[in-house]
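When you line the sequence shown up against the numbering used here, it's residues 2 to 248, in that order.
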Amino acid sequence: MTSFETLVEEWGKWTSKNADGGGSRIDINGEDAVFKKLGITRISYEIRDCKVESYEPQPPKTTQTIIDSITNNSDGEVTKTSTIERGRSYSTQTSVTNGFKATATAGLKLEIASAEISVEVSTSRTETVGGSKEEKTTDSITFKIPPKSKVVNYRWSTNQIARFTGKLRVSGQVGVYFNNAICNAFGDSSTDHHYKWFPSADRIVRWAFDQGYADWFIDDEGYGYFAINGKSEATIHEFIVGEPEPL
Numbered sequence: 002m003t004s005f006e007t008l009v010e011e012w013g014k015w016t017s018k019n020a021d022g023g024g025s026r027i028d029i030n031g032e033d034a035v036f037k038k039l040g041i042t043r044i045s046y047e048i049r050d051c052k053v054e055s056y057e058p059q060p061p062k063t064t065q066t067i068i069d070s071i072t073n074n075s076d077g078e079v080t081k082t083s084t085i086e087r088g089r090s091y092s093t094q095t096s097v098t099n100g101f102k103a104t105a106t107a108g109l110k111l112e113i114a115s116a117e118i119s120v121e122v123s124t125s126r127t128e129t130v131g132g133s134k135e136e137k138t139t140d141s142i143t144f145k146i147p148p149k150s151k152v153v154n155y156r157w158s159t160n161q162i163a164r165f166t167g168k169l170r171v172s173g174q175v176g177v178y179f180n181n182a183i184c185n186a187f188g189d190s191s192t193d194h195h196y197k198w199f200p201s202a203d204r205i206v207r208w209a210f211d212q213g214y215a216d217w218f219i220d221d222e223g224y225g226y227f228a229i230n231g232k233s234e235a236t237i238h239e240f241i242v243g244e245p246e247p248l
């Protein structure tokens with residue numbers, strides 16, 4: 002895995018070597034006065050085309066837990082009131098499993114256990130992004146239980162991992178400064194010599210692609226991007242109210 006900042010550093014070294022630049026340094030954040038004076042657009046990142054590629058395991062792993070059981074062993078109908086939960090809750094843990102730290106987030110929809118879940122995909126931090134939501138209520142329910150019958154209330158739990166992919170698009174320009182004034186840094190036969198050059202992100206990525214750097218590409222719109230992948234693990238709890246059944 003090679004970060005964009007590392008690509009810029011390598012482009013500077015490669016260009017300096019081929020143009021007698023005497024060494025190079027980079028300004029990735031646009032802090033140089035000339036950078037600011039020229040009004041050059043700083044580097045920014047965006048996650049695009051984020052989508053689920055697969056779910057595992059198939060079929061989903063499910064477990065059943067009894068959360069309440071009311072039994073009528075008598076010969077007559079009984080009425081009992083119980084406080085139970087109904088509805089659904091879920092929790093998620095989402096992470097990009099390759100790539101590098103960059104300020105970018107995107108939404109991703111999962112479909113697990115007949116539920117559509119929205120999660121956040123982020124390269125803005127190194128830790129996992131977690132989330133949770135409750136779509137359940139706690140109700141007092143009165144059951145009429147026939148003779149020799151019972152009512153069992155369950156919690157169905159489903160755990161599944163979604164594998165996803167996406168494109169971490171990079172745009173803007175960076176500053177690459179050389180110890181010696183050089184010309185033709187962009188390969189366009191220019192004869193103007195400068196100490197400071199401001200290549201665009203797509204120029205850097207095209208160079209990296211030609212050099213064989215893995216996971217860096219140019220999209221259909223001409224932007225450079227890093228191919229990311231990751232996983233989102235979701236656990237869903239569905240609370241189900243049972244019907245009377247014979248003992």
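Glycine included, every Cβ here is placed at the ideal spot set by N, Cα and C.
query	result
Residue from K18, D69, T16 and P60 whose Cα sits closest to the Cα of S141	D69
N-terminal and C-terminal residue of the alpha helix (DSSP H) that G13 is part of	F5 to A20
Distance, E244 Cα to R49 Cα	47 Å
Enclosing beta strand (DSSP E) for Q161 [first to last residue]	S150 to S172
Rounded C-alpha distance that separates E234 from A20	50 Å
C-beta contact flag for K145 and E78 at 8 Å	yes
C-alpha distance - D221 paired with I162, whole-angstrom precision	30 Å
Host alpha helix (DSSP H) of V206 (start-end)	A202 to Q212
Reference Y56; option with closest CA among D76, G24 and T159	T159
Reduced DSSP category for V35 - H, G, I as helix; E, B as strand; rest coil	helix
Selected residue, minimal CA-CA separation from S125, among I113, G132 and K102	K102
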